[in-house]
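In order, the protein sequence lines correspond to chains X and D.
Be aware that the first sequence starts at 954, since it is given in the numbering used here, and climbs by one per residue.
Be aware that the second sequence starts at 954, since it is given in the numbering used here, and climbs by one per residue.
Protein chains: 2
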Amino acid sequence: MILKPVPISAEQFTPFGDLIETGSDPIAINYGYTERHHDLASLDLLEQEGRPIVSIFRSTPLPQPVTLNVMERHPLSSQAFIPMGNQPYLVAVAPAGEFDASKIRLFIVKPGQGVNYHRGTWHHFCLALNAVSDFLVIDRSGKGDNCDEVTLVEPITVDLSDCEESTAR
Amino acid sequence: MILKPVPISAEQFTPFGDLIETGSDPIAINYGYTERHHDLASLDLLEQEGRPIVSIFRSTPLPQPVTLNVMERHPLSSQAFIPMGNQPYLVAVAPAGEFDASKIRLFIVKPGQGVNYHRGTWHHFCLALNAVSDFLVIDRSGKGDNCDEVTLVEPITVDLSDCEESTAR
């Protein structure tokens, strides 16, 4: 199967999680030197004595053509990824519940935009583009098994042919 | 008073909080495509029915010469700032407890490095350099008054004269 990514939007991503980005209604603080774009994600990290943690994921791009073979979900928590650099990246998701490969959606995300996968949303692991890229990750430490993985019966090849502009450095 | 910033290090920053950066001992995950630099900050966000939240702070550089007039602290929580772009920034801190201007330390921080102020650490608000810059902020929503501010009797002028290399785009 071949999929082309589409630019992410908060509306399209709503079934899967939160798009973490600046908006049109910030709060002016710090004598006007800071715009606070407030409370942008539904963090869900405290189940079963969970605690929120921050990590950095250093992601190496997959070889071209990018091929997706697995998806994962976290049944006990959300997981947020925020890029720390100036490269775009890919996000592949499918709805929570029983995994359905026919419902996989593929997005391209600009630097400056983060994503927060809601609890149970199926997603591919970090998919950097163009260069090794660091992501700030907000997830959970705690009891219980918090990662399920499925192997795709039919791998997905990513068609990046119309993404030259988005993926250019 | 004139202060020159010094490059931040985890060791020097320990009395004030956590330096959030990649280290030498990551965990290899995702079939080797991701290095997980795990659990890099002591988040302290749950006091008085607090909940962790994420926001984006869009920070405008202060006019040159950069002059510091105020410091603040959060008595109920930590507060983390992670740059989302490729510019350095300044961090001014003083130890928790009764405010002592003679103990202010000034650091310059590279892109790719975040800071997590521990509960009660005095700090200046977000100090972008070179360009308007976005920071991912992890702090607390909840009951209680969680911000104290002091005005410096003697403003601090920041001497950036030796920071050309660090502050260059």
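From the three backbone atoms N, C-alpha and C, an ideal C-beta is built for every residue, glycine too.
- Nearest C-alpha to S1114(D) among Y984(D), A1049(D), Q1017(D) and Y986(D): Q1017(D).
- Excluding its 5 nearest sequence neighbours in each direction, F1010(D) has C-beta neighbours in its own chain below 6 Å: C1079, F1088 and V1090, listed in chain order.
- Partner residues in a beta bridge of Y984(D), as assigned by DSSP, do not exist.
- Proximity of R1011(D) to chain X, defined by a Cβ-Cβ separation below 8 Å, is satisfied.
- Under the three-state reduction of DSSP output, A1081(D) falls in the strand class.
- By the neighbour-count definition (other C-beta atoms within 10 Å, threshold 16), Y1042(D) is a buried residue.
- Around the beta-carbon of S1031(X), 16 or more other beta-carbon atoms lie within 10 Å, marking it buried.
- Collapsing the DSSP output to three states places Q1001(D) in a helix.
- From the listed residues M954(X), I1109(X) and E974(X), the smallest Cα separation to S962(X) is found for E974(X).
- Residue state for Q965(X) is assigned as helix, using DSSP reduced to three classes.
- Of the candidates I955(D), A981(D), I982(D) and V1007(D), the residue whose Cα lies closest to the Cα of R1093(D) is V1007(D).
- C-alpha of I1035(D) to C-alpha of D1101(X): approximately 29 Å in a straight line.
- In this structure V1068(D) is buried. Its beta-carbon is surrounded by 16 or more other beta-carbon atoms within 10 angstroms.
- Against chain D, the CB of Y1070(X) has no partner CB under 8 Å away; the residue lies outside that interface.
- Exclusion of the five residues before and after L1105(D) leaves L1021, N1022, V1023, M1024 and A1054 as the residues of its chain whose Cβ lies within less than 8 Å of its Cβ.
- The residue from G1097(D), G1050(D) and P1048(D) with its alpha-carbon nearest to that of L998(D) is G1097(D).
- Under the Cβ criterion of 8 Å, L1105(D) is not counted among the residues facing chain X.
- Looking at the DSSP output, R1072(X) sits in no beta bridge, so it has no partner there.
- Its Cα nearest to that of H1076(X), the residue V1046(X) stands out among V1046(X), I1061(X) and V1062(X).
- The three-state secondary structure of S995(D), taken from DSSP, is coil.
- DSSP places S1086(X) in the strand class (E or B) of the three-state scheme.
- Taking the CA atoms as reference points, E964(X) sits about 10 Å from G970(X).
- With respect to chain D, the C-beta atom of N1039(X) has a partner C-beta closer than 8 Å.
- When only Cα atoms are considered, A1033(X) and A981(D) end up about 19 Å apart.
- In the three-state reduction of the DSSP assignment, A1054(X) falls in the helix class, which pools H, G and I.
- DSSP, read as helix, strand or coil, puts V1019(D) in coil.
- Between Q1040(D) and S1086(D), the gap from beta carbon to beta carbon is short of 8 Å.
- A straight line joining the alpha-carbon of C1116(X) with that of F1060(X) spans about 11 Å.
- Between L1029(D) and N1099(D), the beta carbon gap of about 4 Å places them in contact (Cβ cut-off 8 Å).
- The Cβ atoms of S1012(D) and Y984(X) lie no closer than 8 Å to each other.
- For S1114(X), the three-state secondary structure derived from DSSP is coil.
- According to the DSSP assignment, P1036(D) belongs to the beta strand (DSSP E) that extends over Q1032 to P1036.
- Taking each of G1073(X), G1003(X), H991(X) and V959(X) in turn and checking the Cα distance to E1051(X), the smallest one comes out for G1073(X).
- At a cut-off of 8 Å, the C-beta of Y1042(X) has no neighbouring C-beta in chain D.
- Taking 8 Å as the cut-off, the beta carbon of M1037(X) is found closer than this to the beta carbon of M1037(D).
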